[in-house]
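A.B. asks: Take the sequence shown: its position 42, counted from the start at 1, is 42 in the UniProt record's numbering, and no numbers get skipped.
We put the beta carbon where it would ideally sit given N, CA and C, even for glycine.
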Amino acid sequence: MSISSEGLMLLKAYDKEQEEEADWLAGTLLLPREALVDIRRQGMSDDEVTAEYGVSKRMYTYRVSMTGLNRQFRQR
């Protein structure tokens, strides 16, 4: 741990597992599955999704992949 010039405590090392859990939680909170289903039904483009929800394309792609949304909509 170190202290910045502003007096903030900063970690020098991060636990990889905790960082992955934080990424998962952030994605879940920003793009819940119900929102992804609604996005797909509306036919929104990637650019529209990233602008509307304030997420990166990478996060959107990750969430779609992790929720199995593509498989669900392919079977319809």
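From the DSSP secondary-structure annotation, give me the bridge partner or partners of residue 77.
C.D. replies: Since the displayed the chain opens at 1 and closes at 76, residue 77 lies outside it and no answer follows.
A.B. asks: Note down the Cα distance separating A51 from M44, rounded to an integer number of angstroms.
C.D. replies: Computed Cα separation, rounded: 11 Å.
A.B. asks: Residue ranges of each alpha helix (DSSP H) run of no fewer than 4 residues wholly in the segment 41-66, ordered along the chain?
C.D. replies: 46-53
A.B. asks: Would you mind working out which of R71, R74 and Y60 sits nearest D23, comparing C-alpha positions?
C.D. replies: Y60
A.B. asks: Please report the straight-line C-alpha distance between G7 and M1, rounded to a whole angstrom.
C.D. replies: 12 Å
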